[in-house]
Structure formats: C-alpha cells, structure tokens
Amino acid sequence: MTSGAKDFLNEFHWLMDVLHNIDVGLVVLDLEMRVKLWNGFMQNHSARPSADALEHSIFDLFPELPEAWFRRKLQSVTVLHNAAFTTWEQRPYLFRFKNYRVVTGNAEYMYQNCTILPLSDANGEVNHICLIVYDVTEVATNRLQLQKANAQLHHISRTDGLTSLLNRKTWEQSLRHEFKRFQRYHHACSLILFDIDHFKLINDNYGHTAGDEVIRHTARILLDGLRDSDVAGRYGGEEFAVILVDTDAAGAKVVAERLRTNIEASSVLFERHLINYTISLGIAELSPRITDPTMWIDTADRGLYNAKRAGRNQVVVYHT
Amino acid sequence: MSATVYLSEDYRDCLQEVTNIAMGQAADRLARLLDTFVVLSIPHIEILSPADIAMALHSIDNSASVSGVCQGFIGGGIAGEAIILFNDTSFADLARLLNYEGELDRQAERELLMDTTNVLFGACLRGIAEQIDITFSFGPPMVLGQHQRLDELFNPRSATWQQALVTEINYKLEGYNVNCDLLLILSEDSIDRLCKKLDYLLA
Numbered sequence: 208m209t210s211g212a213k214d215f216l217n218e219f220h221w222l223m224d225v226l227h228n229i230d231v232g233l234v235v236l237d238l239e240m241r242v243k244l245w246n247g248f249m250q251n252h253s254a255r256p257s258a259d260a261l262e263h264s265i266f267d268l269f270p271e272l273p274e275a276w277f278r279r280k281l282q283s284v285t286v287l288h289n290a291a292f293t294t295w296e297q298r299p300y301l302f303r304f305k306n307y308r309v310v311t312g313n314a315e316y317m318y319q320n321c322t323i324l325p326l327s328d329a330n331g332e333v334n335h336i337c338l339i340v341y342d343v344t345e346v347a348t349n350r351l352q353l354q355k356a357n358a359q360l361h362h363i364s365r366t367d368g369l370t371s372l373l374n375r376k377t378w379e380q381s382l383r384h385e386f387k388r389f390q391r392y393h394h395a396c397s398l399i400l401f402d403i404d405h406f407k408l409i410n411d412n413y414g415h416t417a418g419d420e421v422i423r424h425t426a427r428i429l430l431d432g433l434r435d436s437d438v439a440g441r442y443g444g445e446e447f448a449v450i451l452v453d454t455d456a457a458g459a460k461v462v463a464e465r466l467r468t469n470i471e472a473s474s475v476l477f478e479r480h481l482i483n484y485t486i487s488l489g490i491a492e493l494s495p496r497i498t499d500p501t502m503w504i505d506t507a508d509r510g511l512y513n514a515k516r517a518g519r520n521q522v523v524v525y526h527t
Numbered sequence: 016m017s018a019t020v021y022l023s024e025d026y027r028d029c030l031q032e033v034t035n036i037a038m039g040q041a042a043d044r045l046a047r048l049l050d051t052f053v054v055l056s057i058p059h060i061e062i063l064s065p066a067d068i069a070m071a072l073h074s075i076d077n078s079a080s081v082s083g084v085c086q087g088f089i090g091g092g093i094a095g096e097a098i099i100l101f102n103d104t105s106f107a108d109l110a111r112l113l114n115y116e117g118e119l120d121r122q123a124e125r126e127l128l129m130d131t132t133n134v135l136f137g138a139c140l141r142g143i144a145e146q147i148d149i150t151f152s153f154g155p156p157m158v159l160g161q162h163q164r165l166d167e168l169f170n171p172r173s174a175t176w177q178q179a180l181v182t183e184i185n186y187k188l189e190g191y192n193v194n195c196d197l198l199l200i201l202s203e204d205s206i207d208r209l210c211k212k213l214d215y216l217l218a
C-alpha cells in the first residue's frame with residue numbers, strides 16, 4: 208500500500224470515529240428513503256444497530272415518522288438544494304427516543320431539533336439527504352417550565368388566594384370592561400353586591416379560621432349557581448360582587464334570591480360547630496343614568512345598605 | 016470602526032447585479048418547487064441604522080396581520096440575518112402553497128411561516144453565495160415575537176453597531192394571497208469582507 212493510500216485510510220478511520228461518537232444523530236438517506244448511514248447516537252437511542260437499519264426504509268423503521276410531511280420537507284431540500292429545519296416547538300421530535308436522563312430528566316422523551324441537508328455527488332447532483340438530530344430536551348423543558356411558571360403567576364396575580372374567585376383588581380377590570388360594552392351595545396347587565404350578615408360575630412364566636420371557612424363556603428355556593436359568562440369576585444373581606452352579563456334586574460333578582468336561600472339553607476361544619484348564617488344582597492342594573500363604573504358599584508351598595516337596614520337576609524334592587 | 020459605512024456606487028451596482036441574478040435563479044427554483052409563478056421586486060439596497068430596522072420590526076408588534084420570521088447565517092467572515100415580514104398573508108393559502116395537509120392550528124401556522132421563510136430565503140441567499148464563492152451555515156428560522164416582545168428582542172439604542180447593509184425584496188405569488196418582504200441584513204463588520212469578495216467580480 209502506498210503511503211498516500213495509508214494516510215487516506217487512517218484519516219477515513221478517525222473521521223468515521225468522529226461521526227459515530229459525536230453526540231448528535233446523523234443519518235444519511237438516499238432518495239428512496241433507505242438508510243445509508245446510521246451513527247452511534249442513532250444506534251444507541253433507537254436500540255437498532257447499524258445492521259438492522261442500513262438499507263431499510265426510514266418509514267419502515269419508524270412508522271411514527273409522518274411520511275407526507277417528511278417528504279414535503281425533503282422536496283425543498285432536493286429542489287432548492289437548501290437545508291430545511293424542524294424545531295421542537297413545531298414538532299417535539301422526529302424520532303421518538305427516550306429522554307437521556309431516565310431518572311432525573313423531567314421529560315418523557317427527547318425533544319429534538321433537526322436539520323435536513325442536501326448531499327451532492329461529484330457532479331453536483333443531490334442524491335442523498337443528511338439528517339442531523341440535536342437533543343434539545345434541556346432547552347425545551349426549561350422553556351416549558353418557564354411558560355408553566357408564568358401561567359401560574361398569571362393565575363395567582365388574578366385570583367384571591369382564599370376563595371379562588373377573581374381578586375378585586377381583576378374583577379374591577381371586568382367591571383370597567385362590561386361598563387364600556389354597555390355604552391356601546393346597550394345589552395342589559397346587572398351587578399350583585401353582597402356580604403355576610405354579622406360576620407364579625409362569626410369571627411368572635413368561633414375564631415378567624417371559622418370565618419375563613421365561611422367565606423370559602425360562600426364562594427363555593429356562589430360559583431355553583433353561576434353561568435360561565437358571569438364574573439364573580441371577592442370584593443373585600445366578607446364582601447362579594449358578581450357581574451351578570453345579558454341579565455336585567457329581574458333576572459339578577461332570581462339569581463340573588465336563589466343564592467340567598469341556598470346560603471340560608473346550608474350550614475358550615477367547623478370543629479363540631481354547625482354555623483348557620485345569611486347574606487344580604489344589593490342589585491343595580493346598568494342604565495344610561497349610571498355614568499361610570501364607580502357609580503354602578505355605589506348604586507348596588509345602596510341596595511345592599513337598604514337590605515341591611517330592612518333586617519338583613521334579603522335582596523334589594525336599587526333603581527337610579 | 017468608521018462611524019458611517021460608505022458603499023461606493025461601483026459596489027452598490029455590483030451587489031445589485033449579484034442580487035438580481037440570484038433572485039432570477041431563486042424565482043426559477045421557487046417556481047419549480049411551488050409550481051406557481053413568483054413575482055419578485057427589484058432588490059432595493061441601502062445602508063440602514065438600528066432605528067430604521069427597529070421601525071420595520073415595529074410593524075409586527077403593532078399589527079395582528081403582520082408576522083415575522085428571522086433566520087441567521089454566517090460564512091467566510093460574512094454574517095447576517097434575514098427577516099421576512101408577511102403582510103396580510105393568508106395561512107390557508109400558505110398551506111395550499113406548501114401542500115400542507117392537516118388542521119391549521121397555531122403550531123401549524125408557525126411551521127408554515129418557518130418553512131416559507133426557509134424556502135424563500137434559502138433560494139435567494141444560495142444564489143448570492145454561489146456568485147461570491149462562499150458557503151453559508153444557516154441557523155433554524157425563528158418566529159419573531161413568540162416568546163418575547165420585539166422591543167425586548169431588539170433595542171436599537173443598545174445595538175453595538177451603527178449601520179447595516181440591507182437588501183429588501185418583495186415577493187408575491189401568483190394566484191395566492193401571499194405577500195412578503197424579505198430583509199437581508201448584513202452586519203457592519205461584514206460589509207468590508209463583502210466588498211473584497213465583490214472586487215473579484217469587478218476586476
């Protein structure tokens with residue numbers, strides 16, 4: 208053997224070593240989609256040795272690979288002689304491999320970015336395709352966790368911790384929104400403002416934990432009786448507020464009356480005490496005489512005040 | 016680095032010619048791939064500041080009907096980024112164009128944007144690269160403004176460069192409601208190297 212040929216063989220050897228040991232998936236396909244190169248990464252992650260993969264159609268080896276989609280991608284590679292890309296955000300993976308870290312990794316499978324390259328022969332004709340598979344599980348799980356954390360923060364910033372109803376700030380945003388909608392479309396819209404009668408007595412007699420339980424119980428009964436479009440919030444300590452979309456005062460009174468009787472009929476069991484309590488409610492239907500959201504609340508508050516003054520445990524509609 | 020980048024008339028003409036030829040080739044390749052006639056504008060070449068580019072990007076944030084995708088490339092000391100702005104482009108038409116079968120959810124829309132970018136941009140840059148005898152490496156395309164607001168993504172005031180060479184090309188596809196602008200942005204420090212490459216063509 209000439210020294211030139213020896214050098215070439217040597218070089219070829221270590222080049223192949225690099226291809227096989229690099230921690231990136233390398234696959235070469237011919238235009239009939241038969242596997243021509245299957246490096247160590249692909250062998251280890253797929254549990255298919257070269258002998259099982261070589262000369263087989265990639266679609267026979269991996270039935271989960273969406274064939275129509277993949278062929279469409281390849282078309283731009285062969286016609287334009289242009290690399291094509293897939294990222295984990297479009298498609299979590301091309302090949303369903305296990306996560307590298309089977310114990311501490313918190314993803315079930317390997318997220319992959321892939322690059323698809325045209326390989327041309329000595330005449331410049333593209334007759335092979337190279338697939339490079341990158342493991343991006345770490346990046347993907349970090350980003351997904353960040354998204355989840357942001358969604359949680361978003362939820363926490365909008366809701367009240369004790370009842371999971373909307374907090375006052377968020378609820379007031381909805382109130383302003385509905386007020387604006389009314390100004391534009393004049394759909395009927397009503398507001399119920401209510402609070403727990405003699406709440407201070409509950410706290411004094413049974414303790415604040417009991418008070419909290421009563422507030423939670425009220426929120427549950429409130430939510431059970433509402434439609435999806437109604438917007439319920441915790442307005443203050445023992446004060447609650449509900450926006451009833453597309454509902455006039457008479458309709459709101461039906462809802463309020465049902466809520467009042469449900470609360471009156473139920474009781475809260477707290478440390479072997481059965482606590483019975485009632486609520487008073489004020490209602491204000493939006494009308495052109497109400498000129499801003501604060502005035503809308505004030506109007507409902509007057510109804511609530513009148514309900515209290517008339518002896519509590521009742522509903523009063525206040526007309527402007 | 017000089018405060019202002021100057022591109023002589025000769026270089027500008029030469030680059031214009033290189034881009035014209037590349038676009039002609041790109042149109043031909045695209046027509047074969049997409050099976051439709053591609054109408055390309057004459058490339059418009061100018062030197063822009065970060066603020067100019069920020070303004071172009073701003074349209075993505077401000078309009079629900081504009082989407083943008085960017086893709087980076089580098090090779091032979093020339094680096095840059097391509098940004099494609101899709102104006103009022105119909106996703107249904109993009110899907111028809113790329114023979115995409117399946118439901119058009121947001122993920123599919125993103126994929127269509129990325130694939131279209133890759134195809135349009137790849138076709139155009141390949142022609143330029145061949146003429147100036149460079150092979151570029153490409154990063155994967157990224158949909159702009161998906162994870163971050165654009166003003167956070169690119170703040171012209173904190174940019175470390177003053178000027179960039181921008182080639183603007185408008186694409187329209189016959190029979191499809193697809194209209195987009197490709198901005199091919201070369202970094203400041205690439206312009207010198209590009210001019211050296213153009214010297215071979217001018218000689």
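Residue numbers (the working numbering), protein chains in the order written: chain A, 208 to 527; chain B, 16 to 218.
In this text, a Cβ means the ideal position worked out from N, Cα and C, and glycines have one as well.
Just so it is clear, the structure is predicted and the values come from calculations on it, not from any experiment.
Positions along the stretch 118-135 of chain B whose CB lies within less than 9 Å of some CB in chain A
Those residues of the stretch 118-135 of chain B that come within reach of chain A (Cβ to Cβ, closer than 9 Å) are 122, 123, 125, 126, 129, 130, 133 and 134.
Could you check which residue in A/448, A/479 and A/236 has the C-alpha nearest to that of residue 379 of chain A?
The residue labelled residue 379 of chain A in the question sits at position 172 within the first sequence. The residue from A/448, A/479 and A/236 with its alpha-carbon nearest to that of residue 379 of chain A is A/448.
Among all the DSSP beta bridges, which residues are the ones paired with residue 256 of chain A?
Here residue 256 of chain A refers to the residue found at position 49 when the first sequence is read from its first residue. Note: residue 256 of chain A is not bridge-paired with any residue in the DSSP secondary-structure output.
By how many angstroms is the C-alpha of residue 524 of chain A removed from the C-alpha of residue 404 of chain A?
The residue labelled residue 404 of chain A in the question sits at position 197 within the first sequence. The residue labelled residue 524 of chain A in the question sits at position 317 within the first sequence. For residue 404 of chain A and residue 524 of chain A, the distance between alpha carbons rounds to 18 Å.
Neighbour flag for residue 137 of chain B against chain A, beta carbons, 8 Å:
On the second sequence, position 122 is the one that residue 137 of chain B refers to. Closer than 8 Å to some Cβ of chain A, the Cβ of residue 137 of chain B qualifies, so yes.
Can you tell me the Cα-Cα spacing of residue 195 of chain B and residue 71 of chain B, whole angstroms?
Here residue 195 of chain B corresponds to residue number 180 of the second sequence, with the count starting at 1. Here residue 71 of chain B corresponds to residue number 56 of the second sequence, with the count starting at 1. When rounded, the distance between both Cα atoms is 13 Å.
Would you say residue 27 of chain B lies against chain A (beta-carbon separation less than 8 Å)?
Taking the second sequence and counting its residues from 1, one reaches residue 27 of chain B at position 12. No, no contact with chain A.
So, using beta-carbon positions, are residue 367 of chain A and residue 374 of chain A closer together than 8 Å?
What you label residue 367 of chain A is simply residue 160 of the first sequence in a count that begins at 1. What you label residue 374 of chain A is simply residue 167 of the first sequence in a count that begins at 1. Less than 8 Å separates the beta-carbon of residue 367 of chain A from that of residue 374 of chain A.
Mind checking whether residue 340 of chain A and residue 292 of chain A have CB atoms under 8 Å apart?
The residue labelled residue 340 of chain A in the question sits at position 133 within the first sequence. The residue labelled residue 292 of chain A in the question sits at position 85 within the first sequence. Not a contact, by the Cβ cut-off of 8 Å.
Assign residue 510 of chain A to one of two classes, buried (16 or more other C-beta atoms within 10 Å of its C-beta) or exposed (fewer than that).
Within the first sequence, the letter at position 303 stands for residue 510 of chain A. By the C-beta density criterion, residue 510 of chain A is buried, having at least 16 other C-beta atoms within 10 angstroms.
Hey, is residue 407 of chain A close to the ligand FMN, as in C-beta under 7 Å from one of its heavy atoms?
As presented, the structure is devoid of all ligands, the ligand FMN included, so that no description of it is given.
Distance, Cα to Cα, residue 515 of chain A vs residue 463 of chain A?
Within the first sequence, residue 515 of chain A is the residue found at index 308, counting from 1. Within the first sequence, residue 463 of chain A is the residue found at index 256, counting from 1. Near 15 Å, if we compare the C-alpha coordinates of residue 463 of chain A and residue 515 of chain A.
If residue 245 of chain A and residue 257 of chain A are in contact, beta carbons under 8 Å, what's the gap, nearest whole angstrom?
On the first sequence, position 38 is the one that residue 245 of chain A refers to. On the first sequence, position 50 is the one that residue 257 of chain A refers to. Taking C-beta atoms under 8 Å as the contact rule, residue 245 of chain A and residue 257 of chain A qualify, at a distance of about 5 Å.
Residue 289 of chain A touches chain B at which residues, Cβ-Cβ below 8 Å?
Taking the first residue of the first sequence as position 1, residue 289 of chain A is located at position 82. Those within 8 Å of residue 289 of chain A in chain B are 133, 134, 137, 138 and 141.
Suppose you measure from the CA of residue 474 of chain A to the CA of residue 116 of chain B; what does that come to, to the nearest Å?
By one-based count along the first sequence, residue 474 of chain A stands at place 267. By one-based count along the second sequence, residue 116 of chain B stands at place 101. Whole-angstrom Cα-Cα distance: 57 Å.
How would you write the range of the beta strand (DSSP E) that residue 295 of chain A sits in, first residue to last?
Taking the first sequence and counting its residues from 1, one reaches residue 295 of chain A at position 88. In the DSSP assignment, residue 295 of chain A falls outside any beta strand (DSSP E), carrying neither H nor E.
Which first and last residues belong to the alpha helix (DSSP H) in which residue 143 of chain B is found?
On the second sequence, residue 143 of chain B is found 128 positions in, with the first residue counted as 1. Under the DSSP assignment, residue 143 of chain B falls in the alpha helix (DSSP H) whose first and last residues are 121-146.
Under 8 Å, do residue 268 of chain A and residue 260 of chain A count as touching if we go by C-beta distance?
Your numbering for residue 268 of chain A matches position 61 in the first sequence. Your numbering for residue 260 of chain A matches position 53 in the first sequence. A Cβ-Cβ contact shorter than 8 Å links residue 268 of chain A with residue 260 of chain A.
Residue span of the beta strand (DSSP E) that contains residue 243 of chain A, given as start and end
In the first sequence, counting from the first residue as 1, residue 243 of chain A sits at position 36. Per DSSP, residue 243 of chain A belongs to the beta strand (DSSP E) from 242-245.
Compile a chain-ordered list of the residues in the stretch 385-419 of chain A whose CB is closer than 8 Å to at least one CB of chain B.
Those residues of the stretch 385-419 of chain A that come within reach of chain B (Cβ to Cβ, closer than 8 Å) do not exist; the list is empty.
So, is residue 242 of chain A buried or exposed, given that buried needs 16 or more other C-beta atoms within 10 angstroms?
The residue you call residue 242 of chain A lines up with position 35 of the first sequence. It counts as buried.
Where does the unbroken beta strand (DSSP E) through residue 196 of chain B begin, and where does it stop?
In the second sequence, counting from the first residue as 1, residue 196 of chain B sits at position 181. Looking at the DSSP string, the run of the beta strand (DSSP E) that includes residue 196 of chain B is 194-201.
Given a cut-off of 8 Å, decide if residue 344 of chain A and residue 422 of chain A are closer than it, judged by their beta-carbon atoms.
Within the first sequence, numbered from 1, the residue matching residue 422 of chain A stands at position 215. Within the first sequence, numbered from 1, the residue matching residue 344 of chain A stands at position 137. No, the Cβ-Cβ distance between residue 422 of chain A and residue 344 of chain A is not below 8 Å.
Just how far apart, CA to CA, sit residue 39 of chain B and residue 141 of chain B?
Indexing the second sequence from 1 puts residue 39 of chain B at position 24. Indexing the second sequence from 1 puts residue 141 of chain B at position 126. The straight-line gap separating the alpha-carbon atoms of residue 39 of chain B and residue 141 of chain B is approximately 12 Å.
Any beta carbon from chain A within less than 8 Å of residue 96 of chain B's own beta carbon?
Within the second sequence, the letter at position 81 stands for residue 96 of chain B. Chain A has no Cβ within less than 8 Å of the Cβ of residue 96 of chain B.
Identify the continuous beta strand (DSSP E) that holds residue 327 of chain A and give its terminal residues.
Numbered from its first residue, the first sequence carries residue 327 of chain A at position 120. 319-327 is the span of the beta strand (DSSP E), which, as asked, contains residue 327 of chain A.
With 16 other CB atoms within 10 Å as the buried threshold, where does residue 17 of chain B fall?
Taking the second sequence and counting its residues from 1, the one referred to as residue 17 of chain B is at position 2. Confidence at residue 17 of chain B is low in this model, with a pLDDT of 45, below 50, so the placement of that residue is unreliable and no value is reported for it.
Mind the definition here: the stretch 391-401 of chain A touches the stretch 455-469 of chain A only if three or more C-beta pairs lie below 8 Å; say whether that holds.
Yes, they touch.
Given 8 Å, three or more beta-carbon pairs between the stretch 177-191 of chain B and the stretch 42-59 of chain B
Counting Cβ pairs under 8 Å, three or more are found: they touch.
Does the beta carbon of residue 88 of chain B come closer than 8 Å to any beta carbon on chain A?
Translated into positions along the second sequence, residue 88 of chain B becomes position 73. Interface criterion not met: the Cβ of residue 88 of chain B is under 8 Å from no Cβ in chain A.
Which residues in chain B have a C-beta closer than 7 Å to the C-beta of residue 294 of chain A? List them in chain order.
Against the first sequence, residue 294 of chain A aligns to sequence position 87. Result: 155.
For the stretch 300-315 of chain A, list every residue whose C-beta sits within 7 Å of some C-beta in chain B, in sequence order.
Listed by position along the chain: nothing, the set is empty.
Only counting the same chain, and skipping five residues up and downstream in sequence, which positions put a Cβ closer than 6 Å to that of residue 347 of chain A?
Here residue 347 of chain A refers to the residue found at position 140 when the first sequence is read from its first residue. Hits under 6 Å: 295 and 318.
Same chain, Cβ closer than 7 Å to residue 215 of chain A, five either side skipped, listed in chain order
By one-based count along the first sequence, residue 215 of chain A stands at place 8. Nothing meets the Cβ criterion.
With DSSP as the reference, label residue 18 of chain B as helix, strand or coil.
Counting from 1 along the second sequence, the entry for residue 18 of chain B is found at position 3. In this prediction, residue 18 of chain B has a pLDDT of 47, which is less than 50 and means its spatial position is unreliable; what the coordinates show is noted afterwards. Shown here, residue 18 of chain B sits in coil according to DSSP, grouped into three states, outside any helix or strand.
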